[in-house]
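Q: A single structure is presented below for examination.
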Amino acid sequence: MGERLVVVGGVAGGASAAAKAKRENPELEVVVYEKSGWVSYGACGLPYVLSGEIPRLERLVARTPEEFRKQGVLVHTRHEVVDVDYGLRTLTVHDHAEGRTFQDRFDHLVLATGARPLLPPIPGTEQAGVYTLRSMEDGERLLKALPQARRAAILGAGYIGLEAAEAFRKRGLEVTLLEAKDRPLPHWDPEVGALLKEELERHGVEVWTGVKVEALRGTGQVEAVETSEGVVPADLVLVATGVRPNTALAQAMGVALGPTGAIATDEKMRTNLEGVYAAGDVAESFHRLLKRPYWLPLGDVANKHGRTAGSVIAGKEARFLGVVGTAIFKAFDLAVATTGLSLEGALKEGFRAKKVFIQSRDGAHYYPGSGPLWVELVYEEGTERLLGGAVVARGHAALRIDVLAALLHREGRVEDLLALDLAYAPPFSPVWDPLLIAAQQVR
1 MGERLVVVGG
11 VAGGASAAAK
21 AKRENPELEV
31 VVYEKSGWVS
41 YGACGLPYVL
51 SGEIPRLERL
61 VARTPEEFRK
71 QGVLVHTRHE
81 VVDVDYGLRT
91 LTVHDHAEGR
101 TFQDRFDHLV
111 LATGARPLLP
121 PIPGTEQAGV
131 YTLRSMEDGE
141 RLLKALPQAR
151 RAAILGAGYI
161 GLEAAEAFRK
171 RGLEVTLLEA
181 KDRPLPHWDP
191 EVGALLKEEL
201 ERHGVEVWTG
211 VKVEALRGTG
221 QVEAVETSEG
231 VVPADLVLVA
241 TGVRPNTALA
251 QAMGVALGPT
261 GAIATDEKMR
271 TNLEGVYAAG
281 DVAESFHRLL
291 KRPYWLPLGD
301 VANKHGRTAG
311 SVIAGKEARF
321 LGVVGTAIFK
331 AFDLAVATTG
341 LSLEGALKEG
351 FRAKKVFIQS
361 RDGAHYYPGS
371 GPLWVELVYE
381 EGTERLLGGA
391 VVARGHAALR
401 IDVLAALLHR
411 EGRVEDLLAL
421 DLAYAPPFSP
431 VWDPLLIAAQ
441 QVR
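Counting from 1, position 117 in the sequence shown corresponds to residue 117 in full-length UniProt numbering; the numbering is continuous, with no gaps.
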C-alpha cells in the first residue's frame, strides 16, 4: 500500500495542495474531503456573480471533481471530516449525501478548513434575509434573494462590503453601507477612505460611518437595521464584519495555533505535528516587514500555501517565504491597491514613519482618456526604508502597487524606487511615473 495524502478542505489551499502533490509524485494516493458541494473555486469572484458581470457561479470553478479524478486525485464533496486520531493516523468522515460515517487513514494530512464569517453579537442575525458572503453556498442563497430584494444594508466597509455595495447597486437595489470606524476601508489611511466614500456616493450608495449597529429588526424576516444614528429600512442585510479561521478540527487533534489564532506553520507549511500541514485561510503566514506571524486570508496566499505544502509532501524542496500584505479590489470605477503598512499601522507598530500622498495621472496629460491616479508612500524617517503604500486609479493602473510590493519584499528604500527603470509611453504613464513623483516628494 502506497503513501496516502488526505486533504481536509477542497477550496483554494486544499485544491492546490492536492493537485501539486499528485503532479510531483504520481505514486502518492491523494484524497480530498470537502464539506460543501463545491471545490477549487475562486471565492473572490462571488461579488461579480452577484452583480451579473459573471453570468454563473460555475464560471468560478477552476477544476471540477471529475477533472481532479482524471489527474488521479479522488475528490469527495459533501464529506465532512469530523475527527482525527493523530496517534492512529485515522480520520472519521461523515458523508452528508448518504448519511453514513466511515474511517479513513492517512500518512500525510493537509488541513485546509478555511475561515468562517464573524457575526456581530447583536439581536436579529438569525432572521431570514440576513446573509454572509464567503462560500459558493452563500452566493447561491444571495442570488435567489436578490430578485425580490429592494433595499440592502451592508454591515462593514472592508473588501467584501465595498464590493457587495457595487454588486447590489448594479442589481438595482437601494444600498446603505454601515461602518463602525470613521471611513470606508478603515485599516488604511483617511485619504484613501475619502476617495472611496466619494466614489460610492457618486454611484448612489448611502455611506454611514462612525455608526454602531445595535439590532436587526423584524419578525422572522429582517425589516430594518437599528443603529446609534437611526434606523435603516432593509429587506436584505449582508454581514461583512470579518472572518476567523476554522481551527476547531486542528485544535481537537493537538495542532498548535499561532499568535493570530490561525494554525502556526513554518516556511514549508508544516505544523507542530509531524506529517500534518496547513494551507489557506486556516493558516498563518510570515510577514516579511513585521518579522512575525501574520494572518492574511486571501485567495492568492492560500494557493501559494497549498502549492508549497503539496511540493514538500511530494518530496520536493519548496518554501513559502511570506507576505507583505498586498491587496487590490474594485469599487465601481475605482481600483484601490495597498501593500505593507499604512501610516497609522506603521506608527502603531513603533516605526518612526512618515508618508507622502500625491495626485498624478495614469497617462500623459495630453493623451485622450487618461485619468487621475493617487499614490501614497509610507516610509521610515531617517533611513527612508519603504514601509507601505497605496495606489488608487480608474482601472488596471492601480497594479503599480506590485512595484512597491516587490521593493517591500527586498526591504527597499526610497532611493531604490527612484533608481528603477519603469516603462513609459503616453497611453500608460506620464514621463515621470506617479510612483517616482511620490518618491521625489520624500526628498
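Beta carbons are placed, not taken as given, at the ideal position from N, Cα and C, and that holds for glycine.
1. Can you give the beta carbon distance from E66 to L28, rounded, assuming they're within the 8 Å contact cut?
2. Identify, in the order they occur along the chain, each residue of the same chain with its Cβ nearer than 8 Å to the Cβ of R292, setting aside the five sequence neighbours on each side.
3. With burial defined as no fewer than 16 other Cβ atoms inside 10 Å of the residue's Cβ, what is the status of L118: buried or exposed?
4. Could you pull the start and end residues of the beta strand (DSSP E) that V392 belongs to?
5. Do you know how far the Cα of A128 is from the Cα of K212?
6. Report buried or exposed for E53, applying the criterion of at least 16 other Cβ atoms within 10 angstroms of its Cβ.
7. Round the Cβ separation of V73 and V8 to the nearest angstrom and send it over; I've been treating them as touching at under 8 Å.
8. Whether or not the stretch 177-184 and the stretch 146-166 are in contact is what I'm after, with contact meaning three or more pairs of Cβ atoms, one per stretch, closer than 8 Å; do they touch?
9. I'd like to know if the stretch 7-22 and the stretch 270-285 are in contact, where contact means that at least 3 CB-CB pairs between them fall below 8 Å.
10. Going by the CB atoms, is the gap between F357 and E380 shorter than 8 Å?
11. Tell me, to the nearest whole angstrom, how far the beta carbon of L386 is from that of L408; I am working on the premise that it is less than 8 Å.
12. Have a look at L143 and A165 and give me their C-alpha separation to the nearest angstrom.
13. Per DSSP, what kind of secondary structure is Y424 in: helix, strand or coil?
14. Can you give me the C-alpha to C-alpha distance between E384 and L343, rounded to a whole angstrom?
15. Quick check: what's the CA-CA separation for D433 versus Q441?
16. Taking C-beta to C-beta, are R169 and P233 nearer than 8 Å?
17. Does the distance from the CB of V82 to the CB of H94 come in under 8 Å?
18. When the Cα atoms are used, what is the spatial distance from E34 to A398?
19. Could you give the residue range of the beta strand (DSSP E) that holds P117?
A: According to the structure shown:
1. That belief does not hold up - the Cβ atoms of E66 and L28 are roughly 20 Å apart, past 8 Å.
2. P259, F286
3. exposed
4. 386-393
5. 22 Å
6. exposed
7. Incorrect: roughly 14 Å between the Cβ atoms, too far for contact.
8. yes
9. yes
10. no
11. 6 Å
12. 15 Å
13. coil
14. 14 Å
15. 13 Å
16. no
17. yes
18. 35 Å
19. 115-117
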